[in-house]
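Protein chains: 2
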Amino acid sequence: MISTSLMDEFRSIVGNEWFLDTPEDLATYSYDGFLPEFRPDAVIVPGKTDEISKIMGVANRERVNIIPRGAGTNISGTSVARKGGVIMAFHRMNKILEIDPENMCAVVQPGVVNADLQKEVARYGLMYPPDPASMYVSTIGGNVALNAGGPRGVKYGATKDYLLGLKVVLPSGDLIKTGGKTFKNVSGYDLTRLMCGSEGTLGIFTEITVRLVPLPPAKATLQAIYSDLDDAAKTVSAIIGSGIVPTTLELIDRVVLDVIRDYGGAEFSRKAEALLLIEVDGEEVSVLTQGERIEKFCREKGAIEVQRATSPDEAEKLWQARRSAFGAVASVRPSCVVEDATVPVKRLPDIIRKILELSDKYRVQIGILAHAGDGNLHPIFMTDLRDKEEMARIDKAMEEMYEAAISMGGTLSGEHGIGIAKDRFMPMEFTGTAIELMRRIKRVFDPNNILNPGSFL
Amino acid sequence: MISTSLMDEFRSIVGNEWFLDTPEDLATYSYDGFLPEFRPDAVIVPGKTDEISKIMGVANRERVNIIPRGAGTNISGTSVARKGGVIMAFHRMNKILEIDPENMCAVVQPGVVNADLQKEVARYGLMYPPDPASMYVSTIGGNVALNAGGPRGVKYGATKDYLLGLKVVLPSGDLIKTGGKTFKNVSGYDLTRLMCGSEGTLGIFTEITVRLVPLPPAKATLQAIYSDLDDAAKTVSAIIGSGIVPTTLELIDRVVLDVIRDYGGAEFSRKAEALLLIEVDGEEVSVLTQGERIEKFCREKGAIEVQRATSPDEAEKLWQARRSAFGAVASVRPSCVVEDATVPVKRLPDIIRKILELSDKYRVQIGILAHAGDGNLHPIFMTDLRDKEEMARIDKAMEEMYEAAISMGGTLSGEHGIGIAKDRFMPMEFTGTAIELMRRIKRVFDPNNILNPGSFL
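Chains D and H supply the protein sequences, listed in that same order. Adding 20 to a residue's 1-based position in the first sequence gives its number in our numbering. Adding 20 to a residue's 1-based position in the second sequence gives its number in our numbering.
Structure follows, in structure tokens:
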């Protein structure tokens, strides 16, 4: 608990209206996209870097936990006050400070919503590639903290690949600058990249410089339906082996397809065991030929139905199944746990088979969405949080799934982060020595362990 | 100095023939691509990871400095025994352990030469994009330690963009594994990226997993000559602003052109003030139209001569000027110092003008090669190391150049690293707080400061 006089000190930094501690406010900030709830002691909403420095100075002196939070869409529990403390929210710091088309970059405050940046840079013929499913809500600050990916990752990579520079307030209140507007920078240790994906545990980003790329002039979108999952996997291999780098290569399995159909999200054959949604972008001429080649691969590998969009409207329709997936799944049971196992791309069929096996073994309903092009799976456990017995079975299934993913050369998290969702699995992927190194790096930045101390370390 | 018994202990780990301490050996390993010489106490050449662990165990116990060294081509003095100690060389660990075309990656030992990897993966229709000028000699281990870039960086980025995972022996002798074969991985802090560009100060890479991309089926190469540097800069802006992402966009200034002509490296107009070498790659159809568009930009912006290669042989000819540049420059004076100032791309003409001004002011001969597409300059100071008075002027010119680059939002190093060449300039780019963080990170990995202790920290 934080004393009244300390509360007043925080209040005086940001002004009364930006220090929240009513029960309603605390309830609002007690959960994020992950499930467990932890009530914070207060919520503080700074308006500028200088205020953040002051807040951190006080917090560090008084050992008050500070938990930075963007839109709270993360599904790893990275933005909740697991060990109590004050949530720091960034919705006041939501300005695009600069779009610099000649240097192909933008400078933004942490609270800028990803889709707002996308929209603004598109006016200059530019694109900010990272496109997490949460992009219409989630913030660039949160995206950097989680190193967010998205469907376009196959071709374009993740947030780290577009992060050029940061201004960071350290737990001490000191401000540092890392990187800048240059695409290349090898001066000193790469603190910019170390911050990316650090889940709010090392510093608070107050200014973020991101790289932009030319908006591709053309796009082709295809949907292929398979009556056999292996045929879909063979198509993925054929496309990747052909030298085509698709922008997007999404897979939806039978469980999710059935749910989408029942939900009325989209219509497809009862025989559908898997759906591939494939997109390529680039110059018009090459997109056209790539689209034709991909269609041929789909048919050769046994797709029972292939559609190729010839207009943006048609493309939008093909995206409908994928877009409605989460809503549809959420309608089935009261809760859903979205996981993030990732394997080398050729092991995709193996890990999917393993998950189907676990679904049977533990009698849990698991649907699969996958960024198939980069081996990044999102198994969705449909459940009811209140059903302790079922949750225990899910926990076991999850543990076995991650053991399998790691044994296939994979990782605990492709793009969602570790947070409090998977901290217990860290020893599967890392030796004690590696984890201890991470703990010591944390201590370098945050000797008093006040920044998001409940997170993965 | 290292005691005889300690020498024997090292010798017993690798075998007599791989522990070198004759005066000839020590002389050979006393310098790298940078100029100053420091004689090491010995050279050790491990054959496997296990030996490296043992060597580090002994070195850590006895506080013996270990300086890892690839091919020694770096020009920042990152691989010399500035503070004495033992050079660790990797030419025995030069095996490509695996090329995995389905997962689009390769696993190599640190001593594999970049060009050898390129050649092998090309047999699978794949490419390893980082292409430092040293690629026919330099090793992947060294490339990772320096986060090497190269001409293809405009489109493809640098080493860090292709580094997926590492096995690392820490100064303690412990082995850790970071990353893996998956393209996405956000588990814990990004130790893989922290290692990349760490200049041999944090750990010793014993296995390196790199991402590969499809070898582009087609390429177009153009050369444009300008009688006015600004016209060349305008062409660069026009190309970048057009949405074309060139593979390569190299600029050569008048000083270097004159030297190349005199050297007999290539022939071009006496009026030539700047040369652009431009390459695009990708699918045949788009490469063709992009090549045409680029040719049009060059002519519109005032090029006095444009050549577009229509065959690989012709393309090779156009590369001749660029390829002969370093040899030509080296023939002018006994020594040359190749620098690495980098600015946001639109400031390129400003920094070039500044360098010309400094050349006058300090009466030093400076030629400029630039990766113009990413604002990465290589000013080449032609000099004689033995001429202390001239070297003092060069030092001043260099300092002013870096001050200018930083004030333009640039960095001390785009791709060559800091090493002992530019450690004194670090405070220009970083605050004391940031440098202190780096020092403390170093201590986390290497508490006894035995790994390349002479380097930038």
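Glycine included, C-beta positions come from ideal geometry on N, C-alpha and C. All values reported here derive from a predicted model rather than from experimental measurement.
| field | For residue 153/D and residue 174/D, the rounded distance between their alpha carbons | value | Rounded to whole angstroms, the gap between the alpha carbons of residue 174/D and residue 153/D is 15 Å.
Note to self: Output needed in chain order: residues of the region 420-441 of chain H with a Cβ under 8 Å from some Cβ in chain D.
What the structure shows: Hits within the stretch, in order: 429, 430, 431, 432, 433, 434, 435, 436, 437 and 438.
Range covered by the alpha helix (DSSP H) that runs through residue 425/H | Segment 408-427, the alpha helix (DSSP H) holding residue 425/H.
Q. Taking the C-alpha atoms as reference points, what is the distance between residue 371/D and residue 226/D?
A. In this model, residue 371/D and residue 226/D are separated by some 39 Å (Cα to Cα).
**Asked** In its own chain, which residues sit with a C-beta less than 8 Å from the C-beta of residue 459/D, not counting the 5 before and 5 after it?
**Response** 477, listed in sequence order.
Minimum Cβ-Cβ distance from residue 267/H to chain D less than 9 Å: Residue 267/H does not count as touching chain D.
Just to check my reading of the structure: residue 421/H and residue 399/H have Cβ atoms closer than 8 Å, yes? What is that Cβ distance to the nearest angstrom? Right, their Cβ atoms sit about 7 Å apart.
Could you name the residues of chain H that residue 196/D contacts, counting a contact when the two beta carbons are closer than 9 Å? In chain order: 450, 451, 453, 454 and 457.
Original post:
Of the residues that make up the region 106-123 of chain H, which ones have a beta carbon closer than 8 Å to any beta carbon in chain D?
Top reply: Under the 8 Å Cβ criterion, the region 106-123 of chain H contributes 120, 121, 122 and 123.
Review point. Taking just the CA atoms, how far does residue 401/H sit from residue 358/H?
Key: When rounded, the separation of the alpha-carbon atoms in residue 358/H and residue 401/H is 6 Å.
**Message:** Does the region 103-115 of chain H come into contact with the region 439-457 of chain H, if we say contact requires no fewer than three beta-carbon pairs (one atom in each stretch) closer than 8 Å?
**Reply:** The region 103-115 of chain H is not in contact with the region 439-457 of chain H.
(message) Does chain H have any CB closer than 9 Å to the CB of residue 213/D?
(response) Yes, because at least one Cβ of chain H sits closer than 9 Å to the Cβ of residue 213/D.
Quick one: residues in its chain with C-beta nearer than 6 Å to the C-beta of residue 51/D, no 5 flanking neighbours on either side, listed in chain order? In the same chain as residue 51/D, and ignoring 5 residues on each side of it, the C-beta atoms closer than 6 Å to its own belong to 57, in chain order.
* Distance, residue 345/D Cα to residue 285/D Cα -> Between residue 285/D and residue 345/D, the C-alpha separation is close to 8 Å.
Check whether residue 178/D and residue 185/D have beta carbons under 9 Å apart
No, these two residues do not count as a Cβ contact at 9 Å.
Just by C-beta distance, which residues in the region 154-176 of chain H are closer than 9 Å to chain D?
Taking 9 Å as the cut-off between beta carbons, the residues of the region 154-176 of chain H near chain D are 166, 167, 168, 169, 173 and 174, in sequence order.
Please state if the CB of residue 159/D and the CB of residue 134/D are separated by a distance shorter than 9 Å. Yes; because the gap between Cβ atoms is below 9 Å, this pair is in contact.
Answer yes or no: do residue 510/D and residue 292/D have a C-beta to C-beta separation smaller than 9 Å?
With chain D covering 21 to 477 only, the question about residue 510/D has no answer from this structure.
Fill in: residue 78/D and residue 29/D closer than 9 Å at C-beta
It is a contact, given that the beta carbons lie within the stated cut-off.
Residue 35/H classed as buried or exposed, judged by whether at least 16 other C-beta atoms fall within 10 angstroms | Exposed is the call here.
* To do: For residue 156/H, count neighbouring C-beta atoms within 10 Å of its own C-beta (all shown protein chains included) and say buried if the count is 16 or more, exposed if not.
  => By the neighbour-count criterion, in which a residue is buried when 16 or more other Cβ atoms sit within 10 angstroms of its Cβ, residue 156/H is exposed.
**Study point:** Runs of beta strand (DSSP E) lying entirely within the region 58-125 of chain D, each at least 3 residues, in chain order
**Key:** Listed in chain order, the complete beta strand (DSSP E) runs (minimum 3 residues) inside the region 58-125 of chain D are 62-64, 86-89, 106-109 and 116-120.
message = In whole angstroms, give me the CA-to-CA distance for residue 387/H and residue 243/H.
response = The alpha-carbon atoms of residue 387/H and residue 243/H are separated by roughly 19 Å.
Quick check on this structure: which residue in 145/H, 162/H, 146/H and 147/H has the alpha carbon closest to the alpha carbon of residue 113/H?
Nearest of 145/H, 162/H, 146/H and 147/H to residue 113/H, Cα basis: 162/H.
Legend entry - Proximity to residue 41/H [Cα-Cα], best of 21/H, 53/H, 62/H and 33/H: Per the Cα distances, 62/H.
#### Entry: Closer than 9 Å to chain H by CB, residue 235/D
The C-beta of residue 235/D comes closer than 9 Å to at least one C-beta of chain H.
_I need the DSSP call for residue 216/H, collapsed to helix, strand or coil._
If DSSP states are grouped into helix, strand and coil, residue 216/H belongs with coil.
Suppose you measure from the CA of residue 143/D to the CA of residue 136/D; what does that come to, to the nearest Å?
Cα to Cα, residue 143/D sits roughly 11 Å from residue 136/D.
TODO: Run down chain H in chain order and give the residues with a C-beta less than 7 Å from the C-beta of residue 70/D.
DONE: Identification of chain H residues near residue 70/D by a Cβ-Cβ cut-off of 7 Å yields none; the smallest Cβ-Cβ distance measures about 16 Å.
Practice prompt. Might you give, ordered along the chain, the residues of its own chain that have their beta carbon closer than 6 Å to the beta carbon of residue 67/H, omitting 5 neighbours on each side?
Written response: Cβ within range, chain order: 112.
ask   = Of the residues that make up the region 368-394 of chain D, which ones have a beta carbon closer than 7 Å to any beta carbon in chain H?
value = Taking 7 Å as the Cβ-Cβ cut-off against chain H, the residues of the region 368-394 of chain D that qualify are 394.
> Where do the ends of the beta strand (DSSP E) carrying residue 301/H lie?
Replying inline: 294-302 is the span of the beta strand (DSSP E), which, as asked, contains residue 301/H.
Taking only beta-carbon atoms, is residue 469/D less than 9 Å away from chain H?
No, residue 469/D does not count as interfacial toward chain H.
message = Between the region 379-398 of chain H and the region 260-273 of chain H, can you find at least three pairs of beta-carbon atoms closer than 8 Å?
response = They touch, by the three-pair rule.
TODO: Select from 121/H, 321/H, 379/H and 124/H the residue whose C-alpha is nearest the C-alpha of residue 410/H.
DONE: Measuring from the Cα of residue 410/H, the nearest candidate turns out to be 379/H.
Open item on the list: Quick check on residue 439/H: does DSSP put it in helix, strand or coil?
Closed with: In this structure, residue 439/H counts as coil in the three-state DSSP scheme.
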